[in-house]
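In our numbering, the protein residues as written are 3 to 268.
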């Protein structure tokens with residue numbers, strides 16, 4: 003199932019606009035950093051790294067510029083929400099040699115991030131992965147279709163995050179207070195995910211298990227079927243219209259220039 007852009011793009015734009023206009027619709031400031039926690043982590047790298055970053059937990063410009071902060075929260079959520087799913091999608095494709103996640107999930111979480119901010123969006127993605135585990139295990143046990151849509155779990159994870167935020171945030175605040183170390187943590191997790199997926203692929207090949215589903219006929223109407231159906235409905239660009247002159251390159255780009263010259267000789 004494909005989520006149409008008409009459902010995700012307008013709310014995404016609306017979220018950025020409203021966040022900028024009012025400057026108060028956010029769950030967590032765009033940036034928090036616990037100096038004591040950062041110094042404790044840096045203590046492991048004494049002599050190699052020096053403590054860096056601001057000594058304040060929250061940037062000082064947030065108070066005087068609430069509208070700018072609202073814009074920053076929304077844009078950061080949009081970037082992290084879409085970028086994180088896109089990164090997982092690229093890592094999965096590189097490790098498994100197949101599409102691991104649809105682009106609709108990227109757009110969906112970009113929209114969610116524009117509303118909630120980047121920290122709640124990361125939590126929602128983590129909860130979605132946890133919620134999907136029972137269904138994944140059941141597909142292995144009962145040999146159902148192994149390709150399951152992740153969008154519903156992302157939606158449920160977002161709803162759980164939003165409704166339970168006041169209980170969730172105290173338990174995860176410490177991790178988001180690492181400040182400048184968060185990109186390093188994200189890089190470590192990304193490399194670990196790639197290595198794990200690559201090992202799974204290697205082990206399956208060594209055991210003689212099929213890496214992918216066998217090609218065959220499935221009684222399922224896929225997105226490709228839907229697009230082919232729509233394109234087949236409008237093979238003739240001028241169907242149901244008065245004949246009009248158009249740029250020849252348009253039909254040539256569709257591979258139909260010779261067909262149109264035969265159908266409508268000038």
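Every residue, glycine too, gets a C-beta built ideally from N, C-alpha and C.
In its own chain, which residues sit with a C-beta less than 8 Å from the C-beta of residue i, not counting the 5 before and 5 after it?
i	result
residue 63	70 and 71
residue 93	102, 192, 195, 196 and 199
residue 95	101 and 102
residue 36	59, 176, 179, 180 and 181
Considering only residues of the same chain and omitting the five flanking positions on each side of residue i, which have a CB-CB separation below 6 Å?
i	result
residue 56	Low per-residue confidence applies at residue 56: pLDDT is 45, beneath 50, and the placement is therefore not dependable enough to give any value.
residue 253	259 and 262
residue 219	Bear in mind that the predicted position of residue 219 carries a pLDDT of just 48, short of 50, making it too unreliable to give a figure here.
residue 122	29 and 163
residue 78	32 and 120
When the Cα of residue i is compared with those of the options, which residue comes out closest?
i	options	result
residue 168	78, 181 and 29	29
residue 83	135, 14, 139 and 172	14
residue 31	109, 179 and 8	179
residue 172	227, 93, 200 and 125	125
residue 76	107, 23, 190 and 37	23
residue 185	18, 66, 139 and 86	86
residue 182	9, 5, 59 and 27	59
residue 118	6, 16, 225 and 224	16
residue 205	97, 136, 170 and 227	97
residue 127	7, 67 and 154	154
residue 157	174, 109 and 88	109
residue 66	80, 91 and 25	25
With 16 other CB atoms within 10 Å as the buried threshold, where does residue i fall?
i	result
residue 160	buried
residue 115	buried
residue 229	exposed
residue 211	exposed
residue 12	exposed
residue 208	exposed
residue 107	buried
residue 130	buried
residue 112	buried
Going by DSSP, what residue range makes up the alpha helix (DSSP H) through residue i?
i	result
residue 210	No alpha helix (DSSP H) holds residue 210; DSSP gives it neither H nor E.
residue 224	Careful: residue 224 lies outside any alpha helix (DSSP H) and carries neither H nor E.
residue 161	153-165
residue 107	105-118
residue 18	7-24
residue 91	68-98
residue 246	Premise fails: residue 246 is in no alpha helix (DSSP H) and is neither H nor E.
Ordered along the chain, which non-local residues of its own chain (more than five positions away) have a Cβ less than 7 Å from that of residue i?
i	result
residue 20	27
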